[in-house]
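Inspection log for the structure reproduced underneath, given as structure tokens.
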Amino acid sequence: MSAVEKLPESWSVVRDAEHRYSVWPDDKAMPVGWIKVPYSGTRDACLARIKELWVDPRPLGLRQAMA
Amino acid sequence: MGGSTASRFAPGNGLNGPLPFQATIGDDMNKLFTPAPANYHPVIIDGETFSDGFPLTLAQKRIWSLEQIGNSTVFPLQVLTLRWSASVTLDQLQGALVKLADRHSALRTRFRRFAGGRIEQFALSGDTSPVETLGSDSNPLTSPEADEQRQAFVSRPFDLLNGVASRCQLIISQDGLESSIVLHPIVCDEAALAALQEDLVAFVDGRSLPILADDSLHRGAIEETWLETDDFASALTCWRELIGEEYNATVLPTRFSTSGYAGTRRRRAPFQLDPALWNDIKTYAGQHGQSAELLLSAAFAILLARYSGTYTLQYGLLLSNRASLEPICRTEQILPLNFELTSRASVLDVCQAIASSRTEGARNLVPYERLVQEMQSHEEREQEAIVKSLFEFRAPCAHSERVLHQRVKLAPRSDVELALIVSPNASGGLDAQFDYAEDLYEPAMIERAALHFSRILEQAVGRTGVRIKDIQLIGEDELRILSAPYDDDGANDDRPVHEHIAAHAARTPDKTAIIFADEVWSHGRLDQSANRLAHRLIKLGVGAEVSVAIAVKRSPEAIVGILATLKAGGAYIPVEPDHPTTRNHHILRDGGVKVILTHSWLLDRIPDGLDAIILELDRLDLSDEQDAAPDVRVHKDQLAYIMYTSGSTGLPKGVAVEHGPLTHHMQNTSRVYGMSEESRELPFLPFSSDGGHERWMNPLMEGGSIILPDHPLWTPEETLTVMRKHGANNASIPTTYLQQLAEWADLTDSAPPMRLYSFGGEGLAQQTFDLLSTALKSEWLINGYGPTETIMTPMVWKVRAGQKFEGTYAPIGRAVGNRRVYVLDPDLNPCPIGVTGELYIAGEGMARGYIGKPDTTADRFIPDPFAPDGGRLYRSGDLTRWREDGTVEFVGRVDHQVKLRGYRIELGEIEAALLQQDGVGEALVVLRDDEATKQKMLVAYVVPKQGLELDISAIHLALERALPAYMVPSAIVSLKSMPINPNSKLDRFALPAPTPMQRTIIEPETATEAEVLELWQQILNISPISVEDNFFSIGGNSLGAIRILSALRQRKPQDRTTIADLFNNPTVRSFAGIIEAGHDQSGSEVIVLRASGSRPMLYCFPGLLVSTREYVKLVDYLGADQPATGFICYSLSEQKQIGASVDEIIEGYVDYIRANSKGQPCYFLGWSWGGLLAYEAARRLGDEIDLRLITMVDVCDLGTEFAIGATPRFKQGERDQLHATVQDWLSRTAMRAEWDRLLGVMDADTYDQFLRFVGDEKDALPTDGPDISSREHTFWILIDNALIFRRHQLQPYDVPIHSWAADDSLNRGLNLIDWRRYSPRANPAEIISGTNHLHVIGSQAFHSRLAHRLKDAL
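Protein sequence lines, in the order shown, are assigned to chains E and L. Position one of the first sequence corresponds to residue 0 (numbering that gives the first Met the number 0), numbered consecutively onward. Position one of the second sequence corresponds to residue 0 (numbering that gives the first Met the number 0), numbered consecutively onward.
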């Protein structure tokens, strides 16, 4: 499947309430519960950005509980 | 194939081609049956002169052939039924009908068949269409009477050789005046029918019409001429470039169980689009400068793309191809479209793509019948149709006040797998209809496609700029149902898994928890041990988000270690001590392990240099630690375990799972599995898989118990004994091992009574599932599925034993617990049921992500667009589809699909087929394209089950039967084991290239052997040859055999060996033996194709120049139990005499059959002219044998040229000139003696026919004889056979006959014989698509249907 080459160009880094990160295509309605982090580009570029951003893998609730 | 443009004398392509001899036969056969096109000679029969006749167009020839073989469903009758307003009188209508027939010769067209079978059409000027009038004003018919009369009238077949190709009916009933005109499809198509209506209305109105130049009868000749032009040749070149050799006709998903072969049964699914939508479509189209028709066409293209998942589309459009002022005739054409889209294309982009593809195609329009012939020219492989899906928009008839009502029947042509017709209806909406091959498509799927076609249109016109990917086919409600998990009303509590287990220790401390060899652990002991260790771990710093490696073998201690880690608040990481050190090292480092729990004897397996505390459980003194549980509160988001999974590339990845999702998953699973404190489970799954942990946690959480295997290699006998001894009621076992267990249980009848088996880990075929069902005697079976990332077993298929499923693998069912599953396309749009897409799992039940890999986590765990309150979707990488019942079926891995020669191939499907073969333990299929293979080819690697040997050729044969030809691997390589790299992963680079078989060369021992060997080497041009080599497997063929014989004859004039001797003794050694012994006694024309088998003997009768070698694939297909004997074509046998009759030819066959099958049941098979021989032999033998069935394969009647009574016509002086040419040629040819013999038996009329035949040929008479491969020799054989068959008249005989026709023969208009004219027990011929007269005998589609028929006749 050449699914990837058919993906649109523009993607955004997105984050949910527990500060989990992912990517989402800009031409598709934002899923409930997720917000855009101000970074967009190709899908790969967004994933690379997430590598920098998402340093604590714990969900926000756990981070707060352990703090 | 040469077609009509190639030379009639063209020989085969010599010894180099794969089937040279057959190519020769087919070429000339087809030409003999197809009258030479450019030179058309009207003929006089029995002295009676007819008016001028005209040849048929290719489309007409096809329809004629279909009519010949009794198929009237592909092209239905054309019917125009109109009810007239009261202002129209009967007289007016009758007058109008006369004018109509006068204007359009189609209504008066007649057909005649010449001796030998050529068809002409003609029309007489005084003729009319017969009119039947029923009822009168004073005595009108009742409505039911009128209905009944009309129905009978419009469905009555035509006899085209008797009367005109149309008829009319006028009915005066209580409802008024109604007219029906019925035309045969050979003279009229749908668009012509609409024009006919307009003209009829005009005549009724008393209007006059512009003068029409009616050239309908000339179109055949015009077409023939055009097909000879450069214009045609260049149009054809454009098509070759556009479609290419490796095309892929777009289809909707077919039924799971077909191999793609469509039978003749059709089914229709009518539906309607309401007027509001049709208006919106027209408005939208108008606003964007498109035609509404184009928009409908675009909706069909989008439907195909979304259903097939491919955006390179190839399908057909039915063009009416009709100008405004044209006579009634057949003009419609299937226009293949081929264009590429992406899912980002807007609906208007799609319109554009279709429009330009259509314009381009129309510019190069060639008759579809001819195009198919030209494109399907591959000798070697079976060819797929160019067009499998067809769209037709049928323009509405013009409205007239005179016509009150028009009965419209959307009767489509049904020669493609699936067609959609759309046409505006009287109520202002659209009538639409799918017409499809029932064998291929699920009716329920077609119904949904109809609904989705409407949805596409609704959304397409909803707003401007809608893209394909924006269109939602699945409604929210439907999606909710499809994605839903198993019903589960129970409530979960939030306590973590270890607290559930501990609770039973408090309540039933003495109850058995674990049985391990001779050890029995109670719940109390387990809990106390875990508590003590937990206290120690806490002291060592274990707590939230701290990981502990469990590096011990599967044992109660391992479970203690796990529970202790959880109680301390830590996360456990199972590490298999047996796994390679490099892998374990990576895990221990990557997982940030703080403590390693192990045994002293495993210390050497623990990598050095780790910053972790190692606890040797066997040397650990925990007597100081407390028995009571530590007071540790666990947060729901805290990690419970990290499970390492093999990544497809590189090092294993750690999947981190939290307590909340884990405990909820376990509680849900308990309920779906029906676990209780009574449960005693044998968990056989390894601890290195997360499923292995689910299966011990579950019983212990419910207060039940487990029987832990003390080593991983229990024999099936041991396992069943343990289960019985300890009273197991549940077992969870990897699928492959469970299969062995079932085989053993089946053999020994030793299955203990069980409530439940759960299994999984790989695709499960029906055959295996049936075995599990019957052999294991279990109440329930659960097929579990799940990636580690979605926690253990997120999906299950829970069924009672004996369940049936379609498809390659058992369904993987539905989601468990707080999850949903979706089958989505690459744009994340839900796929309709039956459409393949990637599986996504949503909901709470999933991992936190990958340890230390935020980018990979973000890549695989994506936002869930379907969740009302946020959440993530896990992308599984598995291809699946929803089944009708909403459960999910596994199709294959996303990255496991390859493309070869234009086919999308799922390697897993081939592997599954391999695993079903006897003795195959492991299977792997790869697409190789490297130095070793030189070209892209599928190579299969198989590992036999322990102690077994594999019969590779039997496996290959079985695959040919089970899979479409393009999926059968080119080579199957048997390995002792699959090569493994240090990470325990398959090492693809270490897979050996397939090598040609090593042959041992055995030298000749006798002088005769040496002589034969020398001949073989010389003629086959191969060296070295072993005296044990099979003639055919080293490249020998019929032609080579004949050359060897003639060379042998030159050396040894006394030798009497025959071609049959060589075929029956196909090695140098055995053939030399026959030469020495004098020839074989079996007869010179008989080839034993398969000697043994319990079924009735199948006698195969030869077509022209058939040596019986052609039947080998067929006999292979029919299998070991089907004996078969072939007769060699008379022309190839030694006893041939000039001018023999059919009766004389069958003499030898009849004697042989009588001697071998007298009173016995048997079958006949006749291919090509062999059908006539089979029929005559059957007639001659009568009751002497018990003939169960004659199978007729593309049996044609003789061509026109040599038919008795056909008097050729010559131009002035032409005959003399041709005679001179022939005489001159005879003086030069080396075959003079043979020709003289042949010409000597011709009477004057026949000689004239011969001259005509020569004159119609464009090339000069050949003089390259007498070599057996020469054009001249082939020509000689052809004329010889023509003389044999011309005198033959078929007589009726009551015998069961089943016949088949190759699609290409219909396109060529060959004179196929309708056996129903001779036997009351014959059927209309079935059509085998994608093949021609020559290759049909090797076509798998034909083989499968022949096998079916033979079985029925048993």
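Every residue, glycine too, gets a C-beta built ideally from N, C-alpha and C.
Note that the C-beta distance between Phe392 (chain L) and Ile353 (chain L) is not below 9 angstroms. When Cβ-Cβ separations below 9 angstroms define contact, Gln196 (chain L) makes no contact with chain E.
At least one CB atom of chain L sits nearer than 9 angstroms to the CB of Val54 (chain E).
The Cβ of Pro862 (chain L) sits closer than 9 angstroms to at least one Cβ of chain E.
Taking 8 angstroms as the cut-off between beta carbons, the residues of the stretch 543 to 561 of chain L near chain E are Ala543 and Glu544, in sequence order. Nearest CB-CB separation between Leu827 (chain L) and chain E: below the 9 angstroms threshold. When secondary structure is reduced to three states using DSSP, Ile1312 (chain L) falls in the coil class, being assigned neither helix nor strand.
For Gly836 (chain L), the enclosing beta strand (DSSP E) has its first and last residue at Gly836 to Gly842. Within chain L, Pro853 and Ala857 have C-beta atoms less than 7 angstroms from the C-beta of Tyr20 (chain E), given in sequence order. In its chain, beyond the 5 residues on either side, Arg82 and Ser84 have a beta carbon closer than 6 angstroms to the beta carbon of Leu403 (chain L). Within the stretch 96 to 161 of chain L, the complete alpha helix (DSSP H) segments at least 4 residues long are 142 to 154, listed from N- to C-terminus. Per DSSP, the unbroken beta strand (DSSP E) holding Thr511 (chain L) starts and ends at Thr511 to Phe515. For Lys776 (chain L), the secondary structure class from DSSP, reduced to helix, strand or coil, is coil. Within the same chain, and ignoring the five residues on either side of Ala922 (chain L) in sequence, the residues whose Cβ sits closer than 6 angstroms to its Cβ are Glu910, Leu913, Leu914 and Val941. Only residues of its own chain outside the window of five on either side were considered, and among them none has a CB closer than 8 angstroms to the CB of Ala1232 (chain L). Judged by DSSP in its simplified three-state form, Asn337 (chain L) adopts strand. Pairwise C-beta distances place the stretch 1285 to 1305 of chain L in contact with the stretch 1315 to 1326 of chain L, as three or more of them are shorter than 8 angstroms. The beta carbon of Glu948 (chain L) lies closer than 8 angstroms to those of Gly918 in the same chain, with the five residues before and after it left out. Secondary structure remark: continuous beta strand (DSSP E) runs of at least 3 residues inside the stretch 910 to 939 of chain L, in chain order: 919 to 927.
Between the alpha carbons of Thr1228 (chain L) and Gly1264 (chain L) lies a gap of roughly 7 angstroms.
For Ala533 (chain L), the enclosing alpha helix (DSSP H) starts and ends at His522 to Lys538. Distance from the CA atom of Ile1144 (chain L) to the CA atom of Gly1170 (chain L), rounded to whole angstroms, is 13 angstroms.
Taking C-alpha positions only, Ile832 (chain L) is separated from Arg880 (chain L) by approximately 7 angstroms.
Between Val574 (chain L) and Ile561 (chain L), the C-beta gap is not smaller than 9 angstroms, which leaves the two residues out of contact. The beta carbon of Gly60 (chain E) falls within 9 angstroms of a beta carbon belonging to chain L, placing the residue at that interface. The CB of Ile49 (chain E) comes closer than 7 angstroms to the CB of Pro853, Asp854 and Ala857 in chain L, given here in chain order. Pro867 (chain L) reaches chain E at Val31, counting residues in chain order whose Cβ is nearer than 8 angstroms.
Interface with chain L (9 angstroms Cβ-Cβ cutoff): Asp15 (chain E) is included.
In terms of CA proximity to Pro991 (chain L), L:Ser976 leads the group L:Glu1004, L:Ser976 and L:Pro1003. Remark: three or more beta-carbon pairs, one from each stretch, lie closer than 8 angstroms, so the stretch 1022 to 1036 of chain L and the stretch 1001 to 1013 of chain L are flagged as touching.
In the displayed model, Glu245 (chain L) falls within coil according to three-state DSSP, outside both helix and strand. In this structure, Gln168 (chain L) sits near Ser179 (chain L), with a CB-CB distance shorter than 9 angstroms. As the crow flies, the alpha-carbon of Met845 (chain L) is around 10 angstroms from that of Gly659 (chain L).
When DSSP assignments are scanned along the stretch 1003 to 1030 of chain L, the uninterrupted stretches of alpha helix (DSSP H) that are 4 or more residues long and fall wholly within it turn out to be 1006 to 1019. If you check the CB distance, Leu456 (chain L) and Ala298 (chain L) come in under 9 angstroms. Closest option to Gly308 (chain L), judged by alpha-carbon separation, among L:Ala550, L:Thr249 and L:Ala1202: L:Thr249.
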